[in-house]
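Chains as they are written, first to last, in this note's numbering: chain A, 364 to 531; chain B, 364 to 531.
Below is one structure, written out as structure tokens; comments come after it.
Protein chains: 2
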Amino acid sequence: MGTPLPRDPIADAQRNWERHGWADVAAPMAAITAVMRTQQILLARIETALKPFGLTFARYELLALLSFARSGALPMNKASALLQVHPTSVTNAVDRLQEAGLVLRSPHPTDGRTTLIELTSEGRTLAKRATAVLNSEVFGQSGFEEQDVEQLIRILGNFRRNAGDFSG
Amino acid sequence: MGTPLPRDPIADAQRNWERHGWADVAAPMAAITAVMRTQQILLARIETALKPFGLTFARYELLALLSFARSGALPMNKASALLQVHPTSVTNAVDRLQEAGLVLRSPHPTDGRTTLIELTSEGRTLAKRATAVLNSEVFGQSGFEEQDVEQLIRILGNFRRNAGDFSG
DNA sequence: GCAATATACTAGGACATCCAAGGGTTTGGA
DNA sequence: TCCAAACCCTTGGATGTCCTAGTATATTGC
Numbered sequence: 364m365g366t367p368l369p370r371d372p373i374a375d376a377q378r379n380w381e382r383h384g385w386a387d388v389a390a391p392m393a394a395i396t397a398v399m400r401t402q403q404i405l406l407a408r409i410e411t412a413l414k415p416f417g418l419t420f421a422r423y424e425l426l427a428l429l430s431f432a433r434s435g436a437l438p439m440n441k442a443s444a445l446l447q448v449h450p451t452s453v454t455n456a457v458d459r460l461q462e463a464g465l466v467l468r469s470p471h472p473t474d475g476r477t478t479l480i481e482l483t484s485e486g487r488t489l490a491k492r493a494t495a496v497l498n499s500e501v502f503g504q505s506g507f508e509e510q511d512v513e514q515l516i517r518i519l520g521n522f523r524r525n526a527g528d529f530s531g
Numbered sequence: 364m365g366t367p368l369p370r371d372p373i374a375d376a377q378r379n380w381e382r383h384g385w386a387d388v389a390a391p392m393a394a395i396t397a398v399m400r401t402q403q404i405l406l407a408r409i410e411t412a413l414k415p416f417g418l419t420f421a422r423y424e425l426l427a428l429l430s431f432a433r434s435g436a437l438p439m440n441k442a443s444a445l446l447q448v449h450p451t452s453v454t455n456a457v458d459r460l461q462e463a464g465l466v467l468r469s470p471h472p473t474d475g476r477t478t479l480i481e482l483t484s485e486g487r488t489l490a491k492r493a494t495a496v497l498n499s500e501v502f503g504q505s506g507f508e509e510q511d512v513e514q515l516i517r518i519l520g521n522f523r524r525n526a527g528d529f530s531g
């Protein structure tokens, strides 16, 4: 991006909200806007780290998920549910990973509707290498204080549970 | 989306990271993944609330920004900087808002390179109405505890400053 | 057993984001 | 003064996400 702004645009927005008589929702507005912007920054870092591997975050997530599955294979609908994205997004990611030889589609042994995504050995190797780079370049240098990481996990975990992501 | 999962997939991923010897970055990984997912949930809520107005979040943000500018007008590059998105994204948003009659482009009085985005009266009215709905349906029902909102603003504010968003 | 309903995946379309490149305008140093 | 460098916006291309609809397969109920 460009040079840093002289002032925090989200703090400015929060003040604008308060000034216009919406003080009761100004803080949640600021928090939500901050989540949006933080996601954008983190995604950019991740994509930069993955670029040398020809991977995007969406494709990496799918590879990583498969690499943790015992058999190295998952039904498309399972992957969609675990990654919490629309089934068409999985179709898209599998198409591209398959072109790159990192996964392949195989029919489900008993359910003719279902397609299994299988990791190839190339896919497994690339997932390992990409994870190592993400760990060292992104997760290992997140810029979050250690106790703030715990706070984020707790706060966002509660939010996601309330939003219906999981019941646990 | 579908039904809630029986377990938190991000907590599972964190356990997987720890199990594979990446315990030192497992927590930041979980926090970052949670930010990504939370953004997705929030964006979906916002888009749902804005749909009746024919607005997307990107277009709404631009309208709101203009409505807070004294003159109701801003240079494209200024909007790009304040919204922290790529200039081409602003071009895209302005194209669509202009088609809808909510903004218009006008030449900068002194700098021939610059284009000003101006809010029309329809645009100003729609921004007001959309903001009211967002306030009541999204920001007013964020699902975040009040003290967690403060924590988020603080933690993500620090992160954004460190990331170079602003210097203040 | 067969029709109605539910589930799984994919095709097509609308949007948004970024990057790379191109054309016009300003600015600044030789 | 004048040309190169910097800046501003737009176009074109690649990706990802979602929604709607369509096809194929399973399951359920009468």
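Every residue gets a Cβ at the ideal spot worked out from N, C-alpha and C, and that includes glycine.
- Taking a cut-off of 8 Å for Cβ pairs, the segment 390–402 of chain B and the segment 393–406 of chain A touch, as three or more such pairs fall below it.
- Boundaries of the alpha helix (DSSP H) around A:THR411: 386–413.
- For B:PRO372, the three-state secondary structure derived from DSSP is helix.
- Rounded to the nearest angstrom, the gap between the Cα atoms of B:ILE516 and A:ALA393 is 7 Å.
- For a Cβ distance threshold of 7 Å, residue set ASN379 of chain A lies close to B:PHE431, ordered along the chain.
- Rounded to the nearest whole angstrom, the CA to CA distance from A:LEU429 to A:LYS491 is 11 Å.
- The beta carbon of B:ASN498 sits closer than 7 Å to no other beta carbon from its chain once the five residues preceding and following it are set aside.
- Rounded to whole angstroms, the gap between the alpha carbons of B:GLN514 and A:TRP385 is 20 Å.
- Less than 8 Å divides the Cβ of B:ILE480 from the Cβ of B:VAL466.
- Scanning A:ASP387, A:ASP375, A:ALA376, A:ASN379 for the CA closest to the CA of B:GLN504 turns up A:ASP387.
- Annotation for B:GLU424: the continuous alpha helix (DSSP H) segment containing it runs 420–431.
- A:ALA394 belongs to the set of residues whose beta carbon lies under 8 Å from a beta carbon in chain B.
- Within chain B, the residues placing a beta-carbon under 7 Å from that of A:ASN525 are GLY506, ordered along the chain.
- Within its own chain, the residues whose Cβ lies closer than 7 Å to the Cβ of A:ARG422, once the five positions on either side in sequence are excluded, are ALA456, ARG459, LEU460, listed in chain order.
- With a minimum length of 3 residues, the unbroken runs of beta strand (DSSP E) contained wholly in the segment 433–519 of chain B fall at 436–438, 466–470, 478–482.
- No Cβ of chain B is located within less than 8 Å of the beta carbon of A:ARG476.
- Among the residues of the segment 442–455 of chain B, those with a Cβ less than 7 Å away from any Cβ of chain A are ALA444, LEU445, GLN447, in the order of the chain.
- CA-CA distance, B:ARG370 to A:ALA432, rounds to 15 Å.
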